[in-house]
Amino acid sequence: MPPMLPLPTRRAVLAAGACLSILRFPEARAAAPADRVGAFTVTPLRDGHFPLEPSMIPGADSEAGRALLAQAGLPPSGPSPEPVNAFLIRRGARHGLLDAGCGTVFGPGFDRVTAALAAEGVAARPDRDRMADPPPCGPCGRPAHGRWPRPLRQCRAGASGA
């Protein structure tokens, strides 16, 4: 019979249990702490990471740019994983969402806003969802000609009277 391993102590089990909360669903947590702006509370919500190539950053595709990326702990030859956020805006019992509305346009690993909202205690869609319509002329809301083809729109969730 093989030797038995020692049983973990109660302290080790409790410490491991406390660590589980940090390990579970990191993409569903808020991107950063909320900030107060007057009567509003603004909470950034992590939607995913965009792989930003050095060629997309002016001056980064140079020797000095690569040195700065390396100094920041980022891969000098790219891509740099840049966070993409939506914003939960609260005022009293009401809440809204500011989101570009790109969904999975950037590829898999995006569209985590619903999970991030749930992590903030918002089970349904916010009262008001303001977003820019992604125009057909440019990728994900960036117009090729420098102007928005349509104004910002306001969507109401359900018949909440918001």
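If you use mature numbering (1 follows the signal peptide of the UniProt record, and there is no 0), the sequence shown corresponds to residues -30 to -1, 1 to 132, in order. Each residue gets a CB set at the ideal place from its N, CA and C atoms; glycine is no exception.
Next on the checklist: Please tell me whether D5 and V54 are closer than 8 Å, where the distance is taken between their beta carbons.
Outcome noted: Numbered from its first residue, the sequence shown carries residue 5 at position 35. Numbered from its first residue, the sequence shown carries residue 54 at position 84. Not closer than 8 Å, so no.
Next on the checklist: In whole angstroms, give me the CA-to-CA distance for A127 and L44.
Outcome noted: Taking the sequence shown and counting its residues from 1, one reaches residue 127 at position 157. Taking the sequence shown and counting its residues from 1, one reaches residue 44 at position 74. With a pLDDT of only 40 at A127, under the threshold of 50, the placement of this residue in the model should not be trusted; the figure read from the coordinates follows. Going from the Cα of A127 to the Cα of L44 covers about 40 Å.
Checklist entry - For V83, which three-state DSSP category applies? => result Position 113 of the sequence shown, counted from the start, is the residue given in the question as residue 83. It is helical.
Item to check | Integer Cβ distance of P49 from L22, believed to fall under 8 Å | outcome: Taking the first residue of the sequence shown as position 1, residue 49 is located at position 79. Taking the first residue of the sequence shown as position 1, residue 22 is located at position 52. That pair is a contact at about 6 Å.
Checklist entry - The beta strand (DSSP E) spanning G66 covers which residue range? => result Taking the sequence shown and counting its residues from 1, one reaches residue 66 at position 96. Run containing G66: 64 to 68, per the beta strand (DSSP E) assignment.
Checklist entry - Is there at least one non-hydrogen atom of the ligand SAM closer than 7 Å to the beta-carbon of G91? => result The ligand SAM is absent from the structure shown, which contains no ligand whatsoever.
Checklist entry - Terminal residues of the continuous beta strand (DSSP E) containing P15? => result The sequence position of residue 15 within the sequence shown is 45, counting from 1. A quick correction: the sequence has Leu, not Pro, at residue 15. According to the DSSP assignment, L15 belongs to the beta strand (DSSP E) that extends over 10 to 22.
Checklist entry - Ends of the alpha helix (DSSP H) at A37? => result To locate residue 37, count along the sequence shown from 1; it is residue 67. Start and end: 33 to 41.
Next on the checklist: Give me the DSSP bridge partner(s) of V7.
Outcome noted: Numbered from 1 along the sequence shown, position 37 holds the residue referred to as residue 7. Residue pairing for V7: DSSP places it in a beta bridge opposite F10.
Checklist entry - Leaving out five residues before and five after A40 in sequence, what residues of the same chain have Cβ atoms less than 6 Å from its Cβ? => result Within the sequence shown, the letter at position 70 stands for residue 40. Cβ within range, chain order: P46.
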